[in-house]
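Protein chains: 2
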Amino acid sequence: MSDTTDVAIVGAGPSALYAAFQLGLFGISFRFIEASDRPGGQCTELYGDKPVYDMPAWPTLTAQDVVDKLLQQIAPFKPHFEFGSTISSIVRDQSGVFCLSTKNGRAFSAKAVVVAGGTGAFVADEGRRLIAWDWRDWGFSGHHGAIEVDTERFETSMPGVFAIGDACIYPGKLPLLVSAFHEAALMVQAIRAQLAAPRRAVVEYTSTSSSLQRRLGVKD
Amino acid sequence: MSDTTDVAIVGAGPSALYAAFQLGLFGISFRFIEASDRPGGQCTELYGDKPVYDMPAWPTLTAQDVVDKLLQQIAPFKPHFEFGSTISSIVRDQSGVFCLSTKNGRAFSAKAVVVAGGTGAFVADEGRRLIAWDWRDWGFSGHHGAIEVDTERFETSMPGVFAIGDACIYPGKLPLLVSAFHEAALMVQAIRAQLAAPRRAVVEYTSTSSSLQRRLGVKD
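Residue numbers (the working numbering), protein chains in the order written: chain V, 1 to 220; chain U, 1001 to 1220.
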């Protein structure tokens, strides 16, 4: 038994939330699978009351504000969160669909997987320390505790599995929110092209596109 | 006669403004050289009253709001704008310093150049149509009306000259604000390393770094 969605997003921090925003904009369904019992990731768990000064066009706000406003931004897409769920396996079947199993015995299927969480979202074999998590044990190419991706699609060494935010690494990578948002935007275009193939995806702007504005609920 | 600064930023739209924010954070001086008589670029000139829905943590704001809030965000760095100035030549002297000349007879020197503007910021030889501008005429590698850069430093084929926002192109490039902000952040680390060499630049966060917060004026 499994619930199906276009994209399974592992994690629910800012990079996961903005990825969901971009997916929703383009009519792609998603579901969050999150180890914690609430969204926000490190911003909520570690430094919710800390001021952030480098969010573009936000001279100052707190880390929790970033989370709250991103949640407000994805509200039109009616996000669904599976809290308290850590991934125990990801398997791709012959038809190309991924099956994600969780430690608490649930299963989800998806056409693409976005790893947007840290090590907390995955569980190791019994007895292994989570803190020393190595992505290579999951079959990903990676180093420095992160998964290697390309800078065009942000896809991992496993086709159909993408990684953004602190979970990913590439030349020049900085662990900044602005980078996670860019990674999410480019990745979603890659996912969109993959799901819609062979139609070519075109660039659309929220300022002018009627279809994007309808999905946001700001246009009838 | 020329005015000297660490970095000359050609353009004053959102990508230029956020590049200035990142430069200011790291104590690097900058000056804007802008063809128009005001900051904001296309956001101000073409669609200031249009709503924007894809700025992270901003469920909605206008394009002019983006500009106004970015100007507020760089105010601690006392930005200096040279308006009404289009670039007529960029020459690098033997010591590695760039000299930028403008059509109206001014000259500026800088240790690095950031191209963050469209074709309006540059002038062609007499009689050429600006609309058909080709960056290759300036010695840059480029295509589709934009300058080719790498995705680690956002440096052009001319060492010390960088390009971000709509001025640049690389595999996967999207003409989105979120991408321009990411490009600015990584580029500034490359400029910082170039100016400070051989010291290695370390990652600092606005939430926790006293030195960054002092530059922002939010800590004594």
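Beta carbons are placed, not taken as given, at the ideal position from N, Cα and C, and that holds for glycine.
All figures in this text were calculated on a predicted structure; none of them were measured in a lab.
Below-8 Å beta-carbon distance, V202 of chain V vs any chain U residue: no
Interface flag, H182 of chain V vs chain U, CB-CB below 8 Å: yes
Among V:Q22, V:F81, V:A63, nearest to S36 of chain V - alpha-carbon criterion: V:F81
Residues of the segment 159-186 of chain V whose Cβ lies closer than 9 Å to any Cβ of chain U, in chain order: Y170, P171, G172, K173, L174, P175, L176, L177, V178, S179, A180, F181, H182, E183, A184, A185, L186
Rounded C-alpha distance that separates L1023 of chain U from D1068 of chain U: A direct Cα-to-Cα measurement between L1023 of chain U and D1068 of chain U gives close to 18 Å.
Interface residues of chain V facing S1207 of chain U [CB-CB closer than 8 Å]: Y47, K50, P51, V52, Y53, A63
For V1091 of chain U and V1113 of chain U, the rounded distance between their alpha carbons: 11 Å
Partner residues on chain U for R153 of chain V, Cβ-Cβ distance less than 7 Å: G1172
Touching by the beta-carbon criterion (3+ pairs, under 8 Å), the segment 1161-1171 of chain U and the segment 1142-1151 of chain U: yes
Nearest to Q1042 of chain U (by Cα), restricted to the options U:A1020, U:A1057, U:A1116, U:F1021: For Q1042 of chain U, the nearest C-alpha among the options comes from U:A1116.
Any beta strand (DSSP E) of 3 or more consecutive residues that is wholly inside the segment 30-56 of chain V: Complete beta strand (DSSP E) runs here, min 3: 30-33.
Interface partners of V1007 of chain U on chain C, CB under 8 Å: Chain labels in this structure do not include chain C; the protein chains are V and U.
A185 of chain V vs L1216 of chain U beta-carbon contact at 8 Å: no
Contact with chain U by D220 of chain V, beta-carbon distance below 8 Å: D220 of chain V does not count as touching chain U.
Residues that L1023 of chain U contacts on chain V, provided the C-beta gap is smaller than 8 Å: Here the premise fails: no neighbours, minimum Cβ distance about 12 Å.
Classification of T1004 of chain U by the beta-carbon crowding that lies within 10 angstroms, buried from 16 upward: exposed
Proximity to Y1047 of chain U [Cα-Cα], best of U:P1056, U:S1211, U:P1159, U:T1062: Ranking U:P1056, U:S1211, U:P1159, U:T1062 by Cα distance to Y1047 of chain U puts U:T1062 first.
Enclosing beta strand (DSSP E) for K111 of chain V [first to last residue]: 107-115
Chain V residues whose Cβ lies nearer than 9 Å to that of K1069 of chain U: P56, A57, W58, P59
CB contact check: V66 of chain V to chain U, cutoff 8 Å: It does: the Cβ of V66 of chain V has a partner Cβ on chain U nearer than 8 Å.
Secondary structure, beta strand (DSSP E): runs of 3+ residues fully inside the segment 1128-1170 of chain U: 1146-1148, 1161-1163
Residue interval of the alpha helix (DSSP H) (run including L195 of chain V): From DSSP, the alpha helix (DSSP H) with L195 of chain V extends over 177-196.
Where the alpha helix (DSSP H) containing I222 of chain V begins and where it ends: It is not possible to answer for residue 222 of chain V, since the shown part of chain V is limited to 1 through 220.
Cα-Cα separation, E152 of chain V to G1027 of chain U: 31 Å
Rounded separation between D1049 of chain U and I1164 of chain U - CA only: 24 Å
Extent of the continuous beta strand (DSSP E) to which S88 of chain V belongs: 87-92
Environment of S210 of chain V [buried if 16+ CB atoms lie within 10 Å]: Taking all protein chains shown into account, S210 of chain V has fewer than 16 neighbouring C-beta atoms within 10 Å of its C-beta and is therefore exposed.
Rounded straight-line distance, which links the Cα of D220 of chain V to that of P1079 of chain U: 42 Å
Beta-carbon proximity check, E1183 of chain U vs F1140 of chain U, cutoff 8 Å: no
Where F83 of chain V falls: helix, strand or coil (DSSP): coil
Chain V residues whose Cβ lies nearer than 7 Å to that of L1216 of chain U: Y53
Expected contact under 8 Å - CB spacing of T1206 of chain U and D54 of chain V to nearest Å: About 5 Å separates the beta carbons of T1206 of chain U and D54 of chain V, which is inside the 8 Å limit, making them a contact pair.
Three-way DSSP call (helix, strand, coil) for R1174 of chain U in this model: Looking at the sequence shown, residue 1174 of chain U is not Arg but Leu. Note: L1174 of chain U maps to coil in three-state DSSP.
Beta carbon proximity, Q194 of chain V to chain U, threshold 8 Å: no
Limits of the unbroken beta strand (DSSP E) element including S1101 of chain U: 1098-1102
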